[in-house]
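Enquirer:
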Amino acid sequence: MAKPRSSALIIKGVRFDGRPTSIALEQEFWDFLREIATEKRVHIGRLVSAVNSTKGKGVSLASAIRVFVAQHYRGEP
Numbered sequence: 036m037a038k039p040r041s042s043a044l045i046i047k048g049v050r051f052d053g054r055p056t057s058i059a060l061e062q063e064f065w066d067f068l069r070e071i072a073t074e075k076r077v078h079i080g081r082l083v084s085a086v087n088s089t090k091g092k093g094v095s096l097a098s099a100i101r102v103f104v105a106q107h108y109r110g111e112p
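For the sequence shown, the working numbering begins at 36 and goes up steadily by one.
1) Spatial neighbours of I79 within its chain, please: CB distance less than 8 Å, with the 5 preceding and 5 following residues excluded, ordered by chain position.
2) With which residues is R76 paired in a DSSP beta bridge?
3) Mind reading off the beta-carbon distance from W65 to I45? Whole number of angstroms is fine, and I expect it under 8 Å.
4) Roughly how many whole angstroms lie between the Cα atoms of A85 and L60?
5) Let's test the definition: count the other Cβ atoms within 10 Å of the Cβ of V104 and tell me whether it reaches 16, buried, or not, exposed.
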């Protein structure tokens, strides 16, 4: 069985839509986001911008990113 990773949040600065912001995600989600960006041949900032533009009102950007990652790996649109 694989050793569980730490659930500590990693805060990184991301620039999207012309402005910088800080996002706190677990390391696994940063890794997944980087993989998706590489697969789609875009910068992480562009992915974050797309997620931000479709997230619901009152939903945090970090939560929306986690849902985006889960949907991506489930093959959901």
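Glycine is no exception: its CB is placed at the ideal position from the N, C-alpha and C atoms.
None of these values were measured; they are calculated from a predicted model.
Expert: Concretely, from the data shown:
1) Here the question's residue 79 lines up with position 44 in the sequence shown. Contacts found: V49, L68, R69, A72.
2) Here residue 76 refers to the residue found at position 41 of the sequence shown. The partner list for R76 (beta bridge, DSSP) is empty, contrary to what the question assumes.
3) By 1-based counting over the sequence shown, the position of residue 65 is 30. By 1-based counting over the sequence shown, the position of residue 45 is 10. About 6 Å; that satisfies the 8 Å criterion.
4) Position 50 of the sequence shown, counting from 1, holds the residue named residue 85. Position 25 of the sequence shown, counting from 1, holds the residue named residue 60. Their Cα atoms are separated by approximately 17 Å.
5) Here residue 104 corresponds to residue number 69 of the sequence shown, with the count starting at 1. So V104 counts as buried.
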